[in-house]
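Below is one structure, written out as C-alpha cells; comments come after it.
Residue numbers (this note's numbering): 3 to 474.
Right under this line is the structure:
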C-alpha cells in the first residue's frame, strides 16, 4: 500500500538577481525578488555595496514581503546589489544558509548568491577542511568562496583567475553571482542546467534567473549567459570569458515543465508556449474519450490549453486555486499538509458534475495530491477522470537542485503506469514521452535525468568516485 510521505510540491533551490550601476539598487532588487518568489519561499536576502565599498546585508526567513520593509531597504545603500530567494535542500536549513552569503578577506570582501546544486560539494568540503578551512554554513555557496581563496600565494592575481580555477573544480548545476566592491561576476555551469540572463536598465545592467524579473522592473533583455561562461558586469560595461571549453545545453527540463513562470523566456523559448505545445503533443500521444479538459492550477494550465486545442474538447476551469492561503506546503505535520490541499484547490461542482474529465497535470511526484484531486472531482460529481501528464514518469532522483534526492519518494520509481493509476484512482493515466519534451521546445538536448536516469555529470555519490577525484 502506498503511504503518503510529503506534499506534492516540487521545490527548486532558489533564484538569483544582480544589478549594477543603477540608483536605488536595493528597491529594484526587492521587486525583482518578488517576481522570482516562485523559485524559493523559505528565505531571502539582499546585499548592497555603497560608494565607500562597504557591504550591507539584510536577510531573513520567509517571503520577500515578510522579510523586507521600507526601513530595511533604506539601510541598503548603493548602486550595486545581489539578491536571493531560496528553498532549502535537505540538510541546508537554518538562517546561516540564507543567501547572499558575505565573506571578509584581505584581498577584498565579496558576496555570493547561488542557484543549483554542486554534486561534489561534500568531497570539496573535506578537501578544504583538510587544508584548514572552517565552514559557517552547509551551503554549497560557501564551498565556492573557500575555493576562490584557497591559494593565498596567488592573491595578487586578478580575482577572475581564482574564480575560473574554483569553477573548474566544481561539478553540477550552478548559476552563481559573485559581487565585489566594484563588479558582479555572473557564472553559469558548463552544462547549462538552470537559466541565467542579462538585461539592461538605463545605463546599468541586471542579471536574473528568469526574464520575468526584467519585466517587473522595466529592464530590457540582452541575452542568456552561455554554459561555461563568466560575464563580468561593472559600471564600465560587460565583459565575457569562458572558464570551460566543454559546453552543453542540458537545461533542466523541469524549468520548462514546472518551475519557471509562464511569462519567462528560457534560451529563446517562451515557457507558456512550450507548455502549450507539450499539451498538444500529449493529446497526439494519449487521446482520451471525454467531455472537457481541466488543468491543475497553475503550472499545468498552459498544457491543458494545448491539449484542449488539439483535441477539440472545451477547456474548462474545473479546479480553482485559492491564492491567499500562504505557504501551507511548509507546515511540518502530514495532517496539516492533508488539509493544505483542500485549502489550495477546490472543484467547481457545476462544471465537473456528470462530466468525463481529462485532468492535465505537469507531473506526478509522490502521488498524494493527484489522488486527493481525483477524489475531490469524483465527490463533486465527475463521471470519469482521465489523467494526462505533460511530462514522462518521474523515476529517478535529481541531484541538480530539485528536492527529489530520495528515489523512494517517487511513486513511479518502482511501479508500472497501471499500478500508479490504481493508487491515484484515475480511470486512465498516460504520460508525455521524453522525445516530445525535446520536440516541444525544438531542442536537441535537455536534462531529463529524473525521467530517464541518464545523468549529464558524474554524481560523486560513492567513495571510489570521490577518492579518484581527490587523487587527481
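Note that the Cβ used here is the ideal one computed from N, Cα and C, for glycine as well.
In the three-state reduction of the DSSP assignment, residue 116 falls in the strand class.
Closest by C-alpha distance to residue 453, out of 249, 437, 446, is 437. As the crow flies, the alpha-carbon of residue 288 is around 22 angstroms from that of residue 273.
For residue 363, the enclosing beta strand (DSSP E) covers residues 358 to 363. Annotation: residue 354 to residue 423 spans about 20 angstroms, alpha carbon to alpha carbon. Counting only residues of its own chain and dropping the five nearest sequence neighbours on each side, residue 305 has a CB closer than 6 angstroms to the CB of 277, 280, 281, 362, 392. Excluding residues up to 5 positions away in sequence, 389, 419, 422, 423 lie with their Cβ nearer than 7 angstroms to the Cβ of residue 431 in the same chain. 72 is the residue among 400, 41, 72, 68 whose C-alpha sits nearest the C-alpha of residue 29. In the structure shown, residue 107 adopts coil according to DSSP, grouped into three states. Non-local C-beta neighbours of residue 105 in its own chain, meaning closer than 6 angstroms and more than five positions away in sequence, comprise 112, 147, ordered along the chain. By the Cβ rule, the stretch 398 to 405 does not count as touching the stretch 373 to 383, because fewer than three pairs are nearer than 8 angstroms. The shortest CA-to-CA distance from residue 386 to any of 99, 86, 18, 357 is the one to 357. Taking the C-beta atoms as reference points, residue 263 is found no nearer than 9 angstroms to residue 194. Counting only runs of at least 3 residues, the stretch 188 to 263 fully encloses the following beta strand (DSSP E) elements, listed from N- to C-terminal order: 199 to 203, 206 to 210, 222 to 226, 231 to 236, 239 to 244. Going by DSSP, residue 281 is part of the alpha helix (DSSP H) stretching over 273 to 287. Where residue 303 is concerned, the enclosing alpha helix (DSSP H) starts and stops at 303 to 313.
Pairing residue 68 with residue 120, the inter-Cα distance amounts to about 29 angstroms. Contact between residue 123 and residue 179 fails: their C-beta atoms lie close to 18 angstroms from each other, not under 8 angstroms. A residue is called buried once 16 or more other Cβ atoms fall within 10 Å of its Cβ, and residue 243, having fewer, is exposed. Secondary structure of residue 433 (DSSP, three-state): strand. Ranked by Cα distance from residue 323, the options 165, 299, 367 are led by 299.
When DSSP states are grouped into helix, strand and coil, residue 326 belongs to the coil group.
Closest in alpha carbon position to residue 248, among 173, 345, 210, is 173. Of all C-beta pairs linking the stretch 185 to 192 to the stretch 221 to 240, three or more are shorter than 8 angstroms, placing the two stretches in contact.
Looking at the backbone, the Cα of residue 196 and that of residue 409 are separated by about 22 angstroms. In this structure, residue 215 lies near residue 37, with their beta-carbon atoms less than 9 angstroms apart. DSSP links residue 86 through a beta bridge to 18, 47. Here residue 162 is near residue 234, since their CB atoms are less than 9 angstroms apart. Among the bridge pairs identified by DSSP, residue 386 is matched with 358. Under the DSSP definition of a beta bridge, residue 295 partners with 317, 360. Nearest neighbour of residue 168 by Cα position, chosen from 239, 230, 416, turns out to be 230. CA-to-CA, the gap between residue 376 and residue 427 works out to about 7 angstroms. For residue 61, the closest of 55, 53, 70 by C-alpha to C-alpha distance is 70. Within the same chain, and ignoring the five residues on either side of residue 205 in sequence, the residues whose Cβ sits closer than 7 angstroms to its Cβ are 23. Within the model, the alpha-carbon separation for residue 441 versus residue 177 is close to 25 angstroms. The criterion of a C-beta distance shorter than 9 angstroms is satisfied by residue 213 and residue 268.
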